[in-house]
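Have a look at the structure below, then the notes.
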Amino acid sequence: MLAGAPDALAVIDASSGVAWTYRALAAEVGAAAQRLVAAAGAGPAFLFARNDLATVIELLAALTAGVPIAVLAGDLDDARAAALIARYRPTAILGRALAPAPGGPRPHADLGLLLSTSGSTGHPKLVRLSAAAVIANARAIAAALDLGPGQVAPTSLPLAYSFGLSIVTSHLVAGATVVVTDAGLLEPRFWATCRAHHVTSLAGVPYSYQLLRRLDLAQVAPLSLTTLTQAGGRLDPSVVRHVAGLAAARGGGLYVMYGQTEATARIAVLPPRELPAAAGAVGWAVPGGAIAIDGGEVIYRGPNVMLGYAESVDDLAVGDVQGGVLRTGDRGYLDERGRLWLTGRVGRHAKVFGLRVELDELEAVARAVPGVDAVAALAGDDRIRIAIEGAGPEVLAAVRAALAAHVGVHPSGFAVAAVAVLPRQPSGKIDYSRLDEPAP
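Numbered by our numbering, the letters in the sequence shown go through residues 99 to 538 in order.
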């Protein structure tokens, strides 16, 4: 995983300003790996991740030691954390003062990493990834983005999120440098950190680029920042063109990417040379992968495909059930040049501010609000549309607040509106295809 020259800079801790060479980081990771094996045995371990140096070291230690580790949001509330501990029986817990609960079967030898399918929501379903898949995808991303020594990226996304985690892994396998910071894009200290350490690239989800439109990039960013990358949901083509223009004006470019946690992080990349002409496309499969279309659904094959899902500790003992093939649940097509264009979702999943959510789960949360009977949740570009039958303003506001609290995002991520009657199929089920888009 650590592929840089021994004396090259691997990680810079923005909070302290301390810089770690690859040699120093490898030594610290090795020591942490020994401690983890002593504490966790065969695992699994839980890591409540924050954007800090300790999280990076513990994650690398687990991959080095071969101890399966679930990387969870550091601010996950106590009730959800307790439910996950009871469900997955971790033998060691890092990042929170919580008691482990050993007692499950021995995890499968190939299991390396467990990630939530839904970002920070604490949903009990986890994605089972092998360490080999993590490394393969990191190398594929590094190749697709042409990463190498001298390039510097900040942790601009949560490390418990597969995209955020891939910033770290892809740069470290390429001998580049990671600046670890917990600051947000609108915080002055984030940009002060970028300037102080001459960052060269910035990763973001669609919401990140909405925030960036409020800023004058030329004023806040160092001249060294030339590369922008985007994934985590569809970015409107007009915004793609705008952001690509910003990057081009700085002598660089925008990489539009597509991925899923089930593929470790990245499935396809559209390089800057394709923009602005191909705004809306997500590009070609990452090196080592292949994309096909089956009945309108995007199918991905590659070494970074998950082993399968887990919903209990017993599932951690199961091996590979995917065989390197992932039915993504996304609809799309390949154009005459083999570029992938996405057209929607096959199933009932969506993304809000880059976080994967289950629409059926959101409907259940909304129905728990007093005054809500019939509700429908639909995917938007980077907001979730919620239609509620016969609801008044107070109920709509309560639903928006409940959904925001459940997912852990700003309420603006939900467009909640009342409808007189929800359209239904003859069976009585809601007919989502007939629902008009509600107003925000």
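Each residue gets a CB set at the ideal place from its N, CA and C atoms; glycine is no exception.
CA-to-CA distance, residue j to residue i, given in whole angstroms
| i | j | result |
| --- | --- | --- |
| A388 | T362 | 15 Å |
| L368 | G417 | 33 Å |
| I544 | R446 | Any property of residue 544 remains undetermined from this structure, which presents the chain solely from 99 to 538. |
| P256 | Y530 | 32 Å |
| Y353 | V165 | 33 Å |
| A377 | P335 | 5 Å |
| S254 | M99 | 21 Å |
| A312 | L424 | What sits at residue 312 in the sequence shown is Arg, not Ala. Distance between the alpha carbons of R312 and L424: 37 Å. |
| A537 | P509 | Confidence at A537 is low in this model, with a pLDDT of 41, below 50, so its placement is unreliable and the value that follows should be read with caution. Near 15 Å, if we compare the C-alpha coordinates of P509 and A537. |
| P401 | I265 | 19 Å |
| L211 | L161 | 8 Å |
| Q328 | G351 | 11 Å |
| G478 | A112 | 35 Å |
| N149 | E156 | 12 Å |
| L326 | G469 | 44 Å |
| R532 | I484 | 14 Å |
Among the options, nearest to residue i - alpha-carbon criterion
| i | options | result |
| --- | --- | --- |
| A513 | V450, V135, E459 | V450 |
| G393 | T426, V411, A376 | T426 |
| R437 | L405, E461, L373 | L373 |
| E409 | A184, T441, R443, A475 | A184 |
| E434 | G381, W118, R522 | G381 |
| L263 | G246, G282, N235 | N235 |
| V278 | R287, H269, P252 | P252 |
Simplified DSSP assignment, three categories, for residue i
| i | result |
| --- | --- |
| G511 | helix |
| I233 | helix |
| V450 | strand |
| Y431 | strand |
| V76 | No answer is possible for residue 76: it lies beyond the span of the chain, which begins at 99 and ends at 538. |
| A499 | helix |
| S268 | helix |
| Y530 | helix |
| V419 | coil |
| A103 | coil |
| S114 | coil |
| R121 | helix |
| D458 | helix |
| E395 | strand |
| S214 | strand |
| P252 | strand |
| Y259 | coil |
| V519 | coil |
Other residues of its chain near residue i: CB distance less than 6 Å, five sequence neighbours each side excluded
| i | result |
| --- | --- |
| S260 | L213, T359, A363 |
| T219 | A caution first: T219 carries a pLDDT of 48, below 50, which makes its placement in the model unreliable, though a value can still be read off. Closer than 6 Å at the Cβ level, and outside the excluded window around T219, lie V505. |
| W439 | A379, G430, Y431 |
Cutoff 7 Å; reference residue i; Cβ partners in own chain excluding five residues on either side
| i | result |
| --- | --- |
| V463 | A500, L501, H504 |
Entirely within the segment 125-171 and at least 3 residues each: give me those beta strand (DSSP E) ranges in chain order. Qualifying beta strand (DSSP E) stretches, in chain order: 143-147, 167-171.
Just to confirm the assignment: which complete beta strand (DSSP E) runs, minimum length 3, are found wholly within the segment 281-367? Those beta strand (DSSP E) runs which fall completely within the segment 281-367 and span 3+ residues are 299-302, 325-328, 351-356.
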